[in-house]
Every structure is written in structure tokens, then in C-alpha cells.
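Below is one structure, written out as C-alpha cells, with a few remarks after it.
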Amino acid sequence: MTQQPTDLDKKTVFGHLWEITKELRQKLEARFQLYLDPSVENLKTTDQCPMPHD
239 MTQQPTDLDK
249 KTVFGHLWEI
259 TKELRQKLEA
269 RFQLYLDPSV
279 ENLKTTDQCP
289 MPHD
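Residue numbering for the sequence shown is 239 to 292, as defined by this note's numbering.
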């Protein structure tokens, strides 16, 4: 039989990917004027969602 993977801690990988996402957002905000589409007003924004802590 094949060995099943153990529980993996994905926090480190998620943290790295979140940093990349933040960098991309900063670049977009610096280049374009971004507007929230009215159709998504009821969705949570990133400042309302819990993010990993350093």
C-alpha cells in the first residue's frame, strides 16, 4: 500500500504566497485607480478577513 501523507503545515507556504499577493496588489494600486464593483459590496474585503500572522 502507499503511505498516506501526514498532516502538513501549510502556513509557511501560504505566508509566502500572501506576501506575493500583497506585492502584486501594491503594484496594481500604484498603476491603476481601482474601484469596488457594486455587485460585490456584500463580500468581505481583505481587511475584514483573518490573515496569517508573522
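We put the CB at the ideal spot given by N, CA and C, even for glycine.
To the nearest angstrom, how far is it from the Cα of Leu-274 to the Cα of Leu-281?
Computed Cα separation, rounded: 11 angstroms.
Whole angstroms is fine: what's the gap from Glu-261's alpha carbon to Phe-270's?
Distance between the alpha carbons of Glu-261 and Phe-270: 14 angstroms.
Flag Asp-275 as yes if its beta-carbon sits less than 7 angstroms from any beta-carbon of chain D, otherwise no.
Going by chain labels, chain D is absent from the structure shown, which holds only one protein chain.
So the alpha helix (DSSP H) Val-251 belongs to, where does it begin and stop?
Taken as a continuous stretch (DSSP letters only), the alpha helix (DSSP H) holding Val-251 covers 249-269.
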